[in-house]
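All remarks here apply to the structure that follows.
Chains as they are written, first to last, in our numbering: chain X, 6 to 528; chain G, 2 to 366.
As structure tokens, then:
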């Protein structure tokens with residue numbers, strides 16, 4: 006069983022001056038589950054995209070089942086039985102599951118819906134998927150969409166499956182389900198490649214781990230011989246301390262009170278439903294939840310960027326006087342003018358937090374370019390700040406005038422977080438602050454957040470990695486379907502407990518809440 | 002089984018940043034290449050000596066004093082409109098209504114010249130100046146308001162406003178027809194020269210040059226160094242970022258379009274009061290669209306706009322000359338313009354990307 010399904014020889018791929026894959030030579034054994042591990046930007050996805058026909062290598066050779074091949078487009082890949090599930094799903098929303106299966110298949114046969122649905126059911130039964138062929142994609146949850154993508158690949162006869170960060174969008178329970186499906190596929194003789202950077206998943210699912218670092222192939226180890234610190238060291242190239250600090254909460258004061266916050270999205274769907282909580286100074290409040298359960302709207306509502314329904318209240322308490330200020334109905338500018346120091350690191354870094362085409366300097370002045378009476382913008386202070394952040398956070402950039410969108414994800418985030426912290430906030434909200442960042446940068450960010458916490462800032466941390474949430478936060482609020490589904494103590498909460506709250510709405514509790522609201526409304 | 006393994010024939014790959022001199026070199030060589038290709042085309046079609054044809058072009062654009070001024074006037078007109086478009090385009094607001102904004106500016110100017118000709122010249126100028134800007138601003142304000150409030154499509158809206166302006170111009174021409182039955186307005190105030198730009202330093206076009214150069218500098222500074230300019234850039238990049246930064250997006254859209262329309266209206270003022278002294282639909286004559294090319298090619302740098310406008314104005318008058326001198330069909334001379342523009346635009350591709358051709362074809366058993 007040690008026959009090679011895929012062999013790569015000296016594969017190199019460059020984008021401009023960036024070398025994404027540098028002379029990679031590796032072998033993928035047939036019938037095994039291989040984890041492709043590496044930090045962001047280490048070239049995992051690029052390498053796999055060359056197998057699935059998205060990119061074409063600059064140099065090097067690819068062998069499939071021992072035969073040299075040339076994969077020019079995804080069709081070639083399918084003919085070689087290679088199928089890839091991308092991180093961003095490529096499905097047609099208004100089509101059903103079955104219809105999505107056959108899109109793009111070049112066949113002169115007449116479409117037979119029942120036949121397609123039958124073969125889809127057959128695949129589902131064989132590997133343990135659960136999905137209704139007639140369900141429309143827009144009705145599906147994220148994990149169902151992913152299931153469909155995997156079925157799609159199997160339907161097209163793939164025997165080598167590549168999954169790009171499949172667990173990034175799943176809850177722990179869903180991840181377990183996915184893993185059992187993957188094990189079934191292995192039993193069936195399929196070769197599975199999983200791109201990931203989550204170590205514990207690597208250890209639990211794969212037979213072998215291949216590691217890439219900065220585009221170079223570092224090596225392959227059998228999972229049974231590996232452990233977290235060995236893998237991290239191979240991935241980062243140096244020893245990394247994997248513990249996240251959690252200093253004790255000191256001088257806890259009420260800073261932000263949110264009560265009965267509700268809002269609708271553009272389509273009139275209720276995305277936040279009667280959310281109430283308090284945030285204290287000197288504490289990190291974690292917000293957990295499957296993405297798209299109201300996290301974005303919650304932060305934006307507090308920041309003055311999201312319209313709220315009547316009856317919602319967001320109050321801010323001044324750090325010195327404890328004086329109360331109402332924040333709702335005000336624009337971000339008005340909130341600033343009131344002297345409320347609220348910093349916000351939004352999820353969409355280049356689409357909301359920064360201006361991609363501008364350099365660091367110009368991004369520094371985004372929030373206070375208005376200061377002063379001159380009609381001209383002052384560039385001296387922002388320039389100094391940019392230099393300081395570049396220095397202190399180690400931002401890797403050709404210069405502070407280089408457009409920030411040309412920087413890597415981690416450096417972009419350092420620029421954004423650096424600016425937000427430089428404003429001396431009293432409330433710091435971060436949405437997915439470490440998404441897509443390498444291990445070292447992630448730890449830099451955790452460290453910065455802890456520093457702010459110890460300074461007495463009320464930190465709100467919306468996260469997706471439960472292990473991090475449990476290690477970093479003092480309290481964890483779980484959002485589900487736009488409702489608060491429980492607030493747990495970060496020091497005692499269990500991962501499974503949080504996972505359950507993320508997916509299952511606590512019925513009786515919400516009933517009680519709504520009764521309470523009704524009573525209050527009456528009185 | 003024999004199988005031929007092939008790489009794709011051509012692959013497009015992104016290039017790293019070029020140093021500035023290399024970019025200039027690529028652009029210059031693209032012009033050179035364009036001239037060579039046009040020479041071949043010219044020879045193939047007409048059997049004329051291409052060098053002679055190019056000489057004719059140059060003499061057509063710069064041969065006499067009148068020709069020089071006519072080329073410069075065209076260049077100023079294009080630059081002025083492009084300067085007007087710059088803030089809107091910087092904000093990613095596709096104002097393709099410059100044609101209409103220029104026309105209404107022109108109509109108002111002509112109206113002032115006709116009805117207010119007895120006012121003292123300085124007062125008349127101030128009124129014309131202000132009125133043309135107001136008219137242009139109004140023409141841009143409507144689409145901006147709808148964009149800001151209801152997010153309508155500005156491309157269609159500004160385009161449709163052009164047709165309204167063209168109809169208005171036809172109406173004005175019919176109303177002010179002179180002499181009766183000519184279906185033109187004729188030269189307004191030919192004897193009194195009321196409302197004409199004065200002759201300064203020996204040229205009647207001094208004011209044209211002065212105004213456009215002033216606008217070039219002011220707009221450059223406005224976009225690059227002022228808070229407004231910064232807001233425009235942020236809104237253009239991402240409205241979400243703008244809202245996040247506390248910028249009132251609607252205000253910025255409307256304010257910027259008022260400015261954009263006002264400068265285009267001013268172009269109408271310069272065209273009527275400073276050049277043709279009459280009004281017709283050809284007062285704008287498609288320059289509102291050509292200026293879009295100018296604005297884009299110059300990447301919204303107003304000084305580059307002057308250069309690009311000069312190139313286009315030169316090509317235009319040169320092409321006209323070879324059409325009449327060499328008895329070339331008008332379309333044939335337009336072809337030469339087309340070839341040159343094609344190469345200049347195409348050179349941008351080679352600045353950002355490179356092509357990799359197939360190097361080998363292997364046979365594998």
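Beta carbons are placed, not taken as given, at the ideal position from N, Cα and C, and that holds for glycine.
Here the structure is a predicted model, which is why all the values come from computation and not from measurement.
Sheet register partners of residue i (DSSP bridge)
i, result
"residue 354 of chain G", "G/15"
"residue 350 of chain X", "X/435"
"residue 312 of chain X", "None, per the DSSP bridge assignment."
"residue 167 of chain X", "X/89, X/198"
"residue 53 of chain G", "None, per the DSSP bridge assignment."
"residue 225 of chain X", "X/215"
"residue 264 of chain X", "X/318"
"residue 291 of chain X", "X/466, X/481"
"residue 72 of chain X", "X/69"
"residue 33 of chain X", "X/11"
"residue 227 of chain G", "X/381"
"residue 26 of chain X", "X/18"
"residue 1 of chain G", "What the structure shows of chain G is the stretch from 2 to 366, and residue 1 of chain G is not part of that stretch, so it cannot be assessed."
"residue 40 of chain X", "X/199, X/214"
"residue 275 of chain X", "X/269"
Residue j beta carbon less than 7 Å from that of residue i
i, j, result
"residue 33 of chain G", "residue 288 of chain G", "no"
"residue 433 of chain X", "residue 464 of chain X", "yes"
"residue 480 of chain X", "residue 290 of chain X", "yes"
"residue 507 of chain X", "residue 295 of chain X", "yes"
"residue 474 of chain X", "residue 500 of chain X", "no"
"residue 75 of chain G", "residue 314 of chain G", "yes"
"residue 27 of chain G", "residue 255 of chain G", "no"
"residue 101 of chain G", "residue 162 of chain G", "yes"
"residue 199 of chain X", "residue 40 of chain X", "yes"
"residue 340 of chain G", "residue 39 of chain G", "yes"
"residue 391 of chain G", "residue 114 of chain G", "Within the shown structure, residues of chain G are numbered from 2 to 366, placing residue 391 of chain G beyond reach of any answer."
"residue 58 of chain G", "residue 323 of chain G", "yes"
"residue 11 of chain X", "residue 33 of chain X", "yes"
Option nearest residue i by Cα separation, candidates the options
i, options, result
"residue 430 of chain X", "X/40, X/303, X/457, X/446", "X/457"
"residue 62 of chain X", "X/318, X/26, X/195", "X/26"
"residue 286 of chain G", "G/167, G/326, G/28", "G/167"
"residue 274 of chain G", "G/282, G/133, G/358, G/202", "G/133"
"residue 303 of chain X", "X/468, X/344, X/266, X/188", "X/266"
"residue 229 of chain X", "X/307, X/256, X/207, X/36", "X/207"
"residue 312 of chain G", "G/294, G/160, G/225", "G/294"
"residue 141 of chain G", "G/98, G/276, G/352", "G/98"
"residue 347 of chain X", "X/360, X/75, X/320, X/363", "X/320"
"residue 333 of chain X", "X/311, X/344, X/350, X/352", "X/311"
"residue 31 of chain G", "G/344, G/353, G/350", "G/344"
"residue 455 of chain X", "X/426, X/85, X/369, X/444", "X/426"
"residue 211 of chain X", "X/220, X/188, X/221, X/219", "X/188"
"residue 227 of chain G", "X/317, X/370, X/297", "X/370"
"residue 260 of chain X", "X/285, X/368, X/243, X/117", "X/285"
Cut-off 8 Å between Cβ atoms - residues of its own chain near residue i, not counting five sequence neighbours on either side
i, result
"residue 250 of chain G", "149, 236, 240, 243, 244"
"residue 108 of chain X", "97, 100"
"residue 107 of chain G", "133, 170, 269, 270, 272, 273, 280, 284, 285"
"residue 288 of chain X", "254, 257, 458, 463, 464, 479, 480"
Presumed contact (8 Å Cβ cut-off) between residue i and residue j, rounded CB distance
i, j, result
"residue 158 of chain X", "residue 166 of chain X", "6 Å"
"residue 247 of chain X", "residue 233 of chain X", "7 Å"
"residue 354 of chain X", "residue 418 of chain X", "6 Å"
"residue 89 of chain X", "residue 193 of chain X", "Residue 89 of chain X to residue 193 of chain X, Cβ: 18 Å. No contact."
"residue 350 of chain X", "residue 436 of chain X", "6 Å"
"residue 504 of chain X", "residue 178 of chain X", "6 Å"
"residue 84 of chain G", "residue 220 of chain G", "5 Å"
"residue 48 of chain X", "residue 242 of chain X", "Not really, about 14 Å apart at Cβ, beyond 8 Å."
Own chain residues within Cβ distance below 6 Å of residue i, not counting five before or after
i, result
"residue 195 of chain G", "118"
"residue 299 of chain X", "276, 277, 484, 487"
"residue 253 of chain G", "232, 236"
"residue 207 of chain G", "201"
Own chain partners of residue i with C-beta closer than 7 Å, once the 5 adjacent residues on each side are dropped
i, result
"residue 138 of chain G", "259, 262, 263, 266"
"residue 180 of chain G", "187"
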